[in-house]
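Numbering (this note's numbering), first residue to last: 50 to 200.
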């Protein structure tokens with residue numbers, strides 16, 4: 050099946066690369082599911098990934114909630130998820146101005162190097178999206194921002 054025949058007008062009007070990537074993965078996996086992976090250890094995250102990867106398109110994470118997080122362990126987890134055809138969606142809820150949000154994406158967890166999607170509030174203005182995109186661009190990657198209207 051081709052994305053254009055399944056998604057029709059949505060495919061035609063999708064101008065963002067991440068939107069098209071999601072639609073293509075959804076067709077390949079025959080799923081629209083994004084699973085919340087709120088697990089406190091790397092072992093539990095990897096076990097969850099092993100159990101559900103055939104049935105989901107994206108895994109929603111909270112990297113700062115992983116008690117035994119290390120750059121190496123997280124990198125291996127993200128590589129495994131990508132190799133299994135999953136998007137990684139960091140539910141960070143960025144809310145600062147663009148330059149600060151860009152720095153947060155490049156900070157301790159280096160979110161820009163592994164996340165495909167992030168969440169953000171528009172309370173600080175529209176330049177937050179520019180800042181997040183700049184972080185991905187600096188890593189030579191594309192990403193998508195899901196804007197939150199309310200919690």
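Using N, Cα and C, we set each Cβ at its ideal position, and we do this for glycine too. In this text the structure is predicted, and so the values were computed from the model without any measurement.
Range covered by the alpha helix (DSSP H) that runs through residue 73: 66-78
Closest Cα partner of residue 188 within the set 161, 166, 180, 178: 161
I need the DSSP call for residue 98, collapsed to helix, strand or coil. helix
Which term fits residue 184, buried or exposed, when burial requires 16 or more other beta carbons within 10 angstroms of its beta carbon? buried
In whole angstroms, give me the CA-to-CA distance for residue 95 and residue 131. 13 Å
Quick check on DSSP: helix, strand or coil for residue 188? coil
Which whole runs of the alpha helix (DSSP H) in the region 151-191 are 4 residues long or more, in chain order? 176-187
Span of the alpha helix (DSSP H) holding residue 88? Residue 88 -> no alpha helix (DSSP H), and no H or E assigned at all.
Mapping DSSP to helix, strand and coil, what is residue 194? strand
Determine the burial state of residue 64: buried for a count of at least 16 other Cβ atoms within 10 Å of its Cβ, exposed for fewer. exposed
Helix, strand or coil for residue 105, going by three-state DSSP, please let me know. coil
Would DSSP call residue 61 helix, strand or coil? helix
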